[in-house]
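Numbering (my numbering), first residue to last: 29 to 758.
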């Protein structure tokens, strides 16, 4: 399907904006949206072996790849136990769900979750003007295989037995036919609607009572972004008020693996390495993703939470390329150019590109060359656009690949975090990335935007077999108070647990109670337990603090604490591994002072983790960046404090040299001091006295109120003047 026409270059709406107000997903290793994002930022590789009942490995697996019709790679991103559906909860009879394709039911389930996330847990007020567009391929599924087995394959098997002249009677053949049929999943009239591909979208509209257009789209691996393109056009034209858009891919695993192994497209090493020197192919994935779209003006009017804003979509076809299965550079460039022309923004304003990134050498090289031609050559000393692919974590979801990338990128914009790509041990030198503005991001990092006052922007690509290309331009939605944004992860690497009591003896008893409670074991989140323990009604003077990364870790440290508390002469415990005890709070015996360090305390990636959890810290670094950018500096403080993880040796040396120079040390240390002061104030920790060493003296002036940094212009002016003063001494 080629949706390009004369209006392909025009903005989506008069203000060029469609809001993403709801999302939900079910991807490998991730039963919901929160788990998906947590896996992404934690760098979880959800690719593994298929479930035992997925396909007959003995019949189909050939690890040596010597048999052309056999599968040499079993690994992929499989849903496994997460592919559960409760039919009655969704108004579906169990007999209807049995025997049909599971993608129908899981798409319905995720669609309902997406609407609930958008603020519509029940009836949708604008149901008559709500459309459903679902990307779904025409790959064989378990349901279609069941139909074939009940019909043609069963008949062929019986015919083969007859032709072998084994002396079987008609009665014998009848018994064999019955035994074979009984071994198959049921195939009843109620199952038939669940086998018709286009009904997957219609069923969502039916069960949720949505009366706008509902249809499926098949544009190979670009299907999801083509679905988004079609939905945004209907929203922009006013034909619809709300759109539920997504992609689903739950094929019969062997039906994907056999043909792709035949042409050598799957990774023989079993690892999907986009853009890496050792990349040797892609791997399959399963999943469902849905987003809820609404015109930005309407979303603002209705007070919706806005994850991100779609500013433009560009699509194209490859035309007459070398092969219908080979990517064409000119076709991809055309889709990219159309997207940025529709968005009305410059490509170099983009800080993140979620690439198609399948892990095939030809595909990855073509994609980077297209981006290079669009973005132009590298300018300045820093490459500023991160490139990645979530396929390295969940596999290639074919028609649902685009929605997986879109949800990932939307969350990156929402949380102001640059997510990682896995398995890039050495960037492919043929990509020549060092000559471009692009770099491969292999670590979770704060997304700083201090060079410009423009919002963060990102691009998402999806390129399909047959030459269909799509690229989408996203933009963050501004918020009046950055500190109001949620932390980028609901689960932190560790939590602090406070146990307090009126006396040491009572505290020991309380710790023993907690240990007994943990041995049940409880089905709870670590953060929930931390909250319960950290908000006591009467804290008491005896305090025990534990830093633990899991329930098991907490149990072990509580046991160690009890052993040490059994010594009555020990009034304090200071164990850097995460155990602290005091007979009475330190604040009762003295006052609190802040001592701010000076040059020499700086280090690469300083406070990066805190910048991701506390947006106001990131904003402090951006404040310094703004000050230096206004003075025309090319290399900003965040450039040399936070060098990107795949920087060349020359780039890393340049960053470290600047970080340890006099002027670089001043700007980095002063900014970090100020950022930590901001965090302490948020935690309502106030000092009775402040001191500073060297540059830290200026931070002490901030803390004392001598210099009012609430005035952003004054803060920028002060930072620049201080920096320039130090420059004169170097």
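The C-beta atom is built at its ideal place from N, Cα and C for all residues, glycine as well.
As the structure is a computational prediction, the values presented were derived from the model and not from experiment.
Self-check item: Collapsed DSSP secondary structure at residue 430 in the structure displayed
Solution: helix
Quiz prompt | Test item: CB-CB of residue 406 and residue 348 under 7 Å | solution = no
Quiz item: At which residues does the alpha helix (DSSP H) containing residue 175 begin and terminate?
Solution: 170 to 176
Quiz prompt | Heavy atom of the ligand ZN within 6 Å of residue 227 beta-carbon | solution = No copy of the ligand ZN occurs in the structure displayed, which carries no ligand at all.
Quiz item: residue 271 by DSSP, collapsed to three states: which one?
Solution: strand
Quiz item: Which word fits residue 511, buried or exposed, when buried means at least 16 other C-beta atoms lie within 10 angstroms of its C-beta?
Solution: exposed
Practice problem: Identify the continuous beta strand (DSSP E) that holds residue 603 and give its terminal residues. | Solution: 600 to 603
Quiz item: Below 8 Å, can you find three or more Cβ-Cβ pairs linking the region 68 to 75 to the region 338 to 355?
Solution: no
Quiz item: Should residue 700 be flagged as near chain B, meaning a C-beta pair shorter than 7 Å?
Solution: The chain labelled as chain B is not found in the depicted structure, where only one protein chain is given.
Quiz item: Since residue 271 contacts residue 161 with CB under 8 Å, what's their CB separation in whole angstroms?
Solution: 7 Å
Quiz prompt | Simplified DSSP assignment, three categories, for residue 624 | solution = strand
Quiz item: Taking three-plus beta-carbon pairs below 8 Å as touching, is the region 318 to 334 in contact with the region 130 to 149?
Solution: yes
Quiz item: Taking the alpha-carbon positions, what's the residue 586 to residue 558 distance?
Solution: 14 Å
Practice problem: Sort 62, 58, 102 and 216 by Cα distance to residue 76 and report the nearest one. | Solution: 102
Quiz item: I think residue 582 touches residue 589, with their Cβ atoms under 8 Å apart; what is that distance to the nearest whole Å?
Solution: About 10 Å; that fails the 8 Å criterion.
Quiz prompt | Candidates 393, 604, 159 and 601: closest to residue 262 by CA position | solution = 159
Quiz item: Based on Cα-Cα distance, which residue from 203, 622, 267 and 493 lies nearest to residue 762?
Solution: What is shown of the chain runs 29 to 758, which leaves residue 762 out entirely.
Practice problem: Taking residue 468 as the reference, give the member of 399, 255 and 703 with the closest Cα. | Solution: 399
Quiz item: Considering only residues of the same chain and omitting the five flanking positions on each side of residue 634, which have a CB-CB separation below 6 Å?
Solution: 669 and 700
Quiz item: Quick one: what's got a C-beta closer than 8 Å to residue 37's C-beta in the same chain, skipping five residues either side?
Solution: Unreliable positioning characterises residue 37 in this predicted model, as indicated by a pLDDT of 44, which lies under 50. A coordinate reading is not provided.
Quiz item: Mapping DSSP to helix, strand and coil, what is residue 359?
Solution: helix
Self-check item: Test item: CB-CB of residue 378 and residue 437 under 7 Å
Solution: no
Self-check item: Collapsed DSSP secondary structure at residue 48 in the structure displayed
Solution: strand
Self-check item: Touch test, the region 379 to 390 against the region 415 to 435, Cβ-Cβ under 8 Å, three pairs minimum
Solution: yes
Quiz item: So, using beta-carbon positions, are residue 315 and residue 425 closer together than 7 Å?
Solution: yes
Quiz item: Who are residue 145's beta bridge partners in DSSP?
Solution: DSSP lists no partner for residue 145.
Quiz item: Does the region 244 to 260 come within contact of the region 167 to 182, defined as at least 3 CB pairs closer than 8 Å?
Solution: no
Practice problem: State the DSSP-derived secondary structure class of residue 237, mapped to helix, strand or coil. | Solution: coil
Self-check item: Whether residue 441 touches residue 502 by CB criterion (7 Å)
Solution: yes
Exercise. Taking the CB atoms as reference points, tell me whether residue 305 and residue 454 lie closer together than 7 Å.
Key: yes
Quiz item: residue 362 and residue 232: beta carbons closer than 7 Å?
Solution: no
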